[in-house]
Amino acid sequence: MNRRNLMKIAAGAAPATMMSQRHLNAQAQADRAARGLSSPLIKDVQVIATAPAGLRLVVVKVITDQDGLYGYGCGTYTQRADLVVEAVRRYLKPFLIGQKADRIDDLWQAMYNSSYWRNGPVLNNGISGVDMALWDIKGRMAGMPVYQLLGGKVREAADCYGHASGNDAKEVVASVQKYIAQGFRHVRVQVGVPGMAGYGSRGADSRVAALHNKPVFEPMAYIRRALNMFEVCRKELPEDLELLHDTHERITPTQAIQFAKDCEKFKLFFLEDPLSPEDIAWYKIIRQQCTTPIAMGELFNSPHEWGPLISERLIDYIRVHVSQAGGLTPCRKMAILGEHFGVKTAWHGPGDVSPFGHACNVALDLASYNFGVQEYSPFSEATREVFDGCPEMKNGYLYANEKPGWGIEVNEKAAAKYPFGKNEQGERGRLNGGWGEVRKRDGQIIKQ
Ligand SMILES: [Mg+2]
C-alpha cells in the first residue's frame, strides 16, 4: 500500500485512521532502522581466481553503487574452475548490472532460470558466488554477521571432524591421535591399499600388476582393508571418539550394502557416499538392512537428488558442497527441509572450498537446529594471506567471524601472486586443474 492510499484511508473511519497512523509510524521506524538507505544497485561483478594452497578457488565480488558496499561469495568448482569464471563474467555479470542487490531470493530465481537449461555444476557455482556475495552485502548493510540474518546462534561453534590417514591401520591410529591432541572429538579415517590408489590416503609406491598404466583400484581389496582398519581403530583409540569414513562412491551397490552391514558393529558416526549419485535408489535397501548412519550429497546439484533422500529418511546427514547447489539460499532451504525429517547437516568442507564457502558453512552450522558435524581442513598461511578473517579453529570447534557479513576481506594483490596452475603437479597440471582417471586391474574405469 502506498502513502497516498494510506492517507485516503486515514481520512476515513476512526478505526482505519488509527490503523493507518500505526502503519505510517511503523514505516517511519523501519526507514530509520534501515538508516534511510535505498536499495543498493549492482554496479559491477568481478571474479577473483586464485590458488593460494594449490587448489583453484573462484570468488565472486559484487560491487554496488553505494560507496564502499560490496560482498564476496564462493563459486569454487576446482576441477572446472575456468568455466565458472567465464560463466560469471560473460553471462551473470551483464544480467545483474543495475539489479537491486537486496533482493536475494528473487535474484537467485532469476539467475537460475535465465539459462533455461539449469542445475549443472558450472552454472550453480556461478550463481553461488553471486548469492553468497549478496548475503555478505546484506550483512554489511545490517552491521551483522550472516548467521544473525538466519535467526542467530543455536550453538556457540561448529563441532568439526578432521582427516586422518595412513598407509596402514597403525599409521591411521597415529594420525588420529594427533587430532585428539588438538581437541577433536570426530575424525575421518582413511587407509591406503597396497599397490592401489585408495581414496583419502596414499598407497605404497609399488603398483599392482594391471592391463594399463593408470592408477589401480579394486573395490574388494579396499573394503577388506577398511574393515581391518576400523577393527584396529576401535581397539586402539578411545571409546568415545567418533569415527567417520568416506567410501567416495567407489564400490558397487551390492558391495555397499554388505559394507554398511559389516560396519554396523564399529558404530561409525557416519559412512559417507557408499553409493554414487547414479545409484541413490539403492539407499532404501541399505536402510532396510542395517543401522549404519549414512552421509551423502557432495556431488548433488539439484533438489531432485536430495529431496527424496531427505523426505524418505534414507540418509542421516546431508553433505552438499554449498556452492555446487547454488549457494546459501538453496542450502538454507535444504537445512530446514532436513530438520522436518530428522536429517542433519554435514556440509562439504575440504580445501576445495574457499574461505567464503567455509564461512557460509559455519553460518549454516550455527543457525541450523539440525546441524550434525562440520568437515574441516586447515587454512594454509598463503590462504590466510589472501583471505583475512577466515573462521577460527579451537579444540575441534570452528568459530564464525563476528564481523558484518562473512567478515572476510580479500587481499587482491596477494591473490594475484597465486594464479591458477601455479605449483600444480602431474595430472592436475596437465588437465588444467582437472582430475585424471582410476581404473580396475582389467582397465575398467571407476567412479571416484
Ligand atoms: Mg567426501
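According to my numbering, the sequence shown holds residues -2 to 445 in order. Just so you know, even glycine gets a beta-carbon here, dropped at the ideal spot from N, CA and C.
For S203, the closest alpha carbon among the candidates Y196, G189 and P49 is that of G189. The beta-carbon separation of C157 and S320, rounded to 19 Å, does not stay under the 8 Å limit for a contact. Looking at the DSSP output, L240 bridges to V184. Residue environment: I333 is assigned as exposed (fewer than 16 neighbouring CB atoms within 10 Å of its CB, all protein chains considered). Distance from the CA atom of N408 to the CA atom of F384, rounded to whole angstroms, is 6 Å. If you look at I60, you'll find it isn't in any alpha helix (DSSP H); it sits in the beta strand (DSSP E) that goes L54 to T61. The three-state reading of DSSP puts S377 in coil, since its state is none of H, G, I, E or B.
DSSP places V173 outside any beta strand (DSSP E); the residue lies instead in the alpha helix (DSSP H), whose first and last residues are A166 to A178. Counting the other CB atoms within 10 Å of its CB gives T251 a total below 16, which places it among the exposed residues. One Cα belongs to L131, the other to G346, and the distance between them is close to 21 Å.
For E295, the CB falls within less than 7 Å of some heavy atom of ligand 1. DSSP places R19 within a helical segment (H, G or I) once states are collapsed to three. Not a single heavy atom of ligand 1 lies less than 7 Å from the C-beta of E389. L38 places its beta carbon less than 8 Å from that of T61. Pairwise C-beta distances place the region 226 to 243 in contact with the region 156 to 171, as three or more of them are shorter than 8 Å. A direct Cα-to-Cα measurement between S365 and Q145 gives close to 11 Å. For the pair V55 and V42, the CB atoms are not nearer than the 8 Å cut-off. Remark: the shortest separation between the CB of D243 and any heavy atom of ligand 1 falls under 7 Å. Among the bridge pairs identified by DSSP, R436 is matched with V213 and I442.
The region 289 to 301 makes no contact with the region 105 to 113; the number of CB pairs closer than 8 Å stays below 3. C157 sits in a strand when the DSSP states are folded into three classes. Nearest C-alpha to I101 among A84, F256, V127 and N110: V127. I312 has its alpha-carbon roughly 6 Å from the corresponding atom of L306.
If one requires a minimum length of 3 residues, the beta strand (DSSP E) runs lying completely within the region 55 to 107 are 67 to 71, in chain order.
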